[in-house]
Amino acid sequence: FISAEKKLNTRHSICFTGLGAPLKQGRQGLAVQEALDLTGDNFYNPNWGYQQGEKRNSRVTNDHKPILLLSHIFKTDSVEWTTSVLYSFGRDGSTNLNWFDARDPRPDYYRYLPSYYTQRDPGYAADLTSAWQNESTTQQIDWDRLYQANYNNLYTVQNAEGVSGNNVTGLRSKYIVEDQRADPTRLALNSVWSKALTSGYQVTAGASWNKQKTHYFKVVEDLLGGDFWVDLNQFAELDSNDPNGSQNNLDNPNNVVKVGDEFSYDYDIHTQLINAFGQVEKKFRTIEAYAGLSLSQTSFWREGRYTNGLFPTNSKGKSDTESFTNVGIKAGAIYKLSGRHYLSGNAAFVSRPPTTRTAFLSPRTRNSVIEGLTSENVLAGDISYLARMPKLKGRATLYYAKISDQLWNRSFFNE
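Just so we're on the same page, the numbering used here is the position in the sequence shown counted from 1, plus 27.
1. So, Ala215 versus Val112, is the Cβ gap smaller than 9 Å?
2. Return yes when the Cβ of Ile168 is within less than 9 Å of the Cβ of Asn74, no when it is not.
3. Quick check: what's the CA-CA separation for Leu434 versus Gly319?
4. Under 6 Å Cβ to Cβ from Val106, same chain only, skipping five residues before and after it: list those, please.
5. For Pro211, which three-state DSSP category applies?
6. With 16 other CB atoms within 10 Å as the buried threshold, where does Leu76 fall?
7. Check whether the Cβ atoms of Asn271 and Pro339 sit closer than 9 Å, and answer yes or no.
8. Between Gly355 and the rest of its own chain, which residues show a CB-CB distance below 6 Å, the 5 nearest in sequence each way excluded?
9. Is the beta carbon of Pro132 closer than 9 Å to that of Thr459?
10. Pick out whichever of Asp249, Ala303, Gly189, Glu315 has its Cα sitting closest to the Cα of Ala358.
11. For Ala428, which of Ile397, Leu419, Asn373 has the nearest alpha-carbon?
12. Look at Asn194 and Asn186 and say whether their C-beta atoms are less than 9 Å apart.
13. Ser346 by DSSP, collapsed to three states: which one?
14. Got a sec? Which residues, its chain only, sit under 7 Å from Leu400 by beta carbon, not counting five neighbours each side?
15. In this structure, how does DSSP classify Trp328 when only helix, strand and coil are distinguished?
16. Determine the extent of the alpha helix (DSSP H) in which Gln160 is found, giving its start and end residues.
17. State the beta-bridge partners of Trp75 as determined by DSSP.
18. Quick one: grab the DSSP three-state call for Ala232.
19. Given Gln55, which residues of its chain have a CB within under 6 Å of its CB, disregarding the five upstream and five downstream residues?
20. Considering only residues of the same chain and omitting the five flanking positions on each side of Ser273, which have a CB-CB separation below 8 Å?
21. For Asp266, does the three-state DSSP call read helix, strand or coil?
22. Would you call the CB atoms of Asp254 and Leu198 closer than 9 Å?
23. Using alpha carbons as the reference points, say which of Asn36, Ala234, Gly67 lies closest to Trp159.
24. Does the beta-carbon of Phe290 have 16 or more other beta-carbons within 10 angstroms, so that it is buried, or is it exposed?
25. Going along the chain, which residues of its own chain have a beta-carbon closer than 6 Å to the beta-carbon of Tyr182, five neighbours each way excluded?
26. If you count every other CB in all the chains shown that lies within 10 Å of the CB of Tyr151, and 16 or more means buried, which is it?
27. What did DSSP end up calling Thr352 once you bin it into helix, strand or coil?
28. Nearest to His91 by CA position, among Leu46, Gln79, Asn69, is which residue?
29. What span of residues does the alpha helix (DSSP H) with Asp460 cover, start to end?
30. Mind listing, in chain order, the continuous beta strand (DSSP E) runs of no fewer than 3 residues lying wholly within the region 274-318?
31. Candidates Ala360, Asp206, Lys51, Glu61: which alpha carbon is nearest Arg138's?
32. When we look at the beta-carbon of Phe439 and count the other beta-carbons within 10 Å, is it buried (16 or more) or exposed?
33. Could you give the first and the last residue of the continuous beta strand (DSSP E) run that contains Asp409?
34. If you run the structure through DSSP and keep just helix, strand and coil, what is Trp108?
35. Sort Leu413, Phe351, Tyr426, Ala414 by Cα distance to Ala375 and report the nearest one.
36. Helix or strand or just coil, what does DSSP make of Tyr144?
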């Protein structure tokens, strides 16, 4: 963290702030109740296992997004005006296991649990129960098995990189550790002006502009003893009748990737927001009240770098731009029953755009968005009683919120 301020004169000053916080963290994994019961541990985490006697977690976040902020501040007895420029960049990654033509390496995969065999093979279910209760290699990731599978997989890739006769021979990894990245770059401008009027009113107005590009891609983190990984979509290879359907990138078919290489998907999500707002406040002898209004315009689009084999005409290049105009209205007041008892109330109506995370059907593969995209609406209000006495302070609040026109978007694989 670093911060510095230069006072130009009694009214003007410029300040700069920079900060960053690198974070590397092993992640906890979700587990079904059966796994918790078998291990006798409510903190059971299926993401890790022993490798050469040391614990190794397959899910590790590696996040560092520094922020740089430059502000100009103007102050008089009745006016304060702050204008800021913000720039943020960096990386946001999370590792995970990936596999091809191999058994699922997750220890709590449902076919490895006793309940899957209780009806069809009770004896095997009993053996699995005993293994889960007594063997750490059953409960956790078996890293040695993953390495061994890669050591035993000598393979020749035909026509690598789409070049006829370019055959690559080596240990083709069945298992790897990949790093799923979402690296953002953000530039924002914000200006807020506030003035205290002689009539007792306080007026605030402001505007902001925000532009962000997030780069989504995968990188090979660890080949786990293998020489290379072939960038193919195994689900499409099993299910698609199209011979090109399994290619994650038709521009570079049968791509042989190694540690540090990008693969699987590569695209940007662009978002732009323009916002203007204003608020007026007034203090009377027994009442304090405010009202505010905001107007905003949000647009976003996807820009793909890969021509996906399943969606060759709708994956590479810029998508259509989705745009939304939104409004927000709020008002509230505090009524002073006495110096120690108050009533307060607030009400708001806000419309806000859908998030890119839910708007796109499958951004890793194509440009398509959910049909009939609309803004969601929020209607909210609250009323409170507050008591402030020398030895007792309390608040009782009744509140209401209704959010409508939200999106429901789920992804899954059906065997």
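From the three backbone atoms N, C-alpha and C, an ideal C-beta is built for every residue, glycine too.
Let me spell this out:
1. For the purposes of this step, residue 215 is taken as the residue at position 188 of the sequence shown. For the purposes of this step, residue 112 is taken as the residue at position 85 of the sequence shown. Cβ distance < 9 Å, so Ala215 and Val112 count as in contact.
2. Numbered from 1 along the sequence shown, position 47 holds the residue referred to as residue 74. Numbered from 1 along the sequence shown, position 141 holds the residue referred to as residue 168. In contact: Asn74 and Ile168 (Cβ atoms closer than 9 Å).
3. Within the sequence shown, the letter at position 407 stands for residue 434. Within the sequence shown, the letter at position 292 stands for residue 319. Cα to Cα, Leu434 sits roughly 27 Å from Gly319.
4. Along the sequence shown, one-based indexing puts residue 106 at 79. The answer, listed in chain order, is Lys222.
5. Residue 211 sits at position 184 when you count from the first residue of the sequence shown. Strand at Pro211.
6. Position 49 of the sequence shown, counting from 1, holds the residue named residue 76. It is worth fixing the name first, because residue 76 is Gly in this sequence and not Leu. It counts as buried.
7. To locate residue 271, count along the sequence shown from 1; it is residue 244. To locate residue 339, count along the sequence shown from 1; it is residue 312. Their beta carbons are under 9 Å apart, which means Asn271 touches Pro339 by this criterion.
8. On the sequence shown, position 328 is the one that residue 355 refers to. Ser321, Val377, listed in sequence order.
9. The requested residue 459 is not part of the displayed model; the chain covers only 28 to 442.
10. Numbered from its first residue, the sequence shown carries residue 358 at position 331. Per the Cα distances, Glu315.
11. On the sequence shown, position 401 is the one that residue 428 refers to. For the residues Ile397, Leu419, Asn373, the minimum Cα distance to Ala428 belongs to Asn373.
12. For the purposes of this step, residue 194 is taken as the residue at position 167 of the sequence shown. For the purposes of this step, residue 186 is taken as the residue at position 159 of the sequence shown. Taking 9 Å as the Cβ cut-off, Asn194 and Asn186 qualify as a contacting pair.
13. As a first step, residue 346 must be located in the sequence shown, where it is residue number 319. Here Ser346 sits in coil by DSSP.
14. The residue given as residue 400 occupies position 373 in the sequence shown. So the list reads Glu349, Pro381, Ala386, once near-sequence residues are dropped.
15. The count along the sequence shown starts at 1 and reaches residue 328 at position 301. Correct three-state label for Trp328: strand.
16. Numbered from its first residue, the sequence shown carries residue 160 at position 133. Looking at the DSSP string, the run of the alpha helix (DSSP H) that includes Gln160 is 149-161.
17. In the sequence shown, the residue the question calls residue 75 occupies position 48. Asn84.
18. Stepping through the sequence shown from its first residue, residue 232 is reached at position 205. DSSP places Ala232 in strand when its eight states are reduced to three.
19. In the sequence shown, the residue the question calls residue 55 occupies position 28. Within the same chain, Gln55 has close Cβ partners Asn72.
20. By 1-based counting over the sequence shown, the position of residue 273 is 246. So the list reads Leu259, Asn260, Gln261, Ala263, Glu264, Ser267, Gly336, once near-sequence residues are dropped.
21. Sequence index remark: in the sequence shown, residue 266 carries index 239 (1-based). Helix, per DSSP.
22. Mapped onto the sequence shown, residue 254 falls at position 227. Mapped onto the sequence shown, residue 198 falls at position 171. Yes. Within cutoff.
23. Here the question's residue 159 lines up with position 132 in the sequence shown. It is Gly67.
24. The residue you call residue 290 lines up with position 263 of the sequence shown. It is buried - the Cβ of Phe290 has at least 16 other Cβ atoms within 10 Å.
25. Position 155 of the sequence shown holds residue 182. If we look at Tyr182 and ignore the five residues flanking it on each side, its Cβ neighbours are Arg199.
26. Position 124 of the sequence shown, counted from the start, is the residue given in the question as residue 151. By the neighbour-count rule (16 or more Cβ atoms within 10 Å), Tyr151 is not buried but exposed.
27. Residue numbering aside, residue 352 sits at position 325 when the sequence shown is read from its first letter. If DSSP states are grouped into helix, strand and coil, Thr352 belongs with the strands.
28. Position 64 of the sequence shown, counted from the start, is the residue given in the question as residue 91. Looking at the Cα atoms, Leu46 is the closest of the given residues.
29. One cannot answer for residue 460 here, as it falls past the ends of the chain, which runs 28 to 442.
30. 289-310
31. Working through the sequence shown from its first residue, we reach residue 138 at position 111. The option with the nearest alpha carbon to Arg138 is Glu61.
32. For this step, residue 439 is matched to residue 412 along the sequence shown. Burial call: exposed.
33. Stepping through the sequence shown from its first residue, residue 409 is reached at position 382. Start and end: 403-416.
34. In the sequence shown, the residue the question calls residue 108 occupies position 81. Trp108: strand per DSSP, three-state reduction.
35. Residue 375 sits at position 348 when you count from the first residue of the sequence shown. The shortest C-alpha separation from Ala375 is found at Tyr426.
36. For this step, residue 144 is matched to residue 117 along the sequence shown. Residue state, collapsed to three classes: coil.
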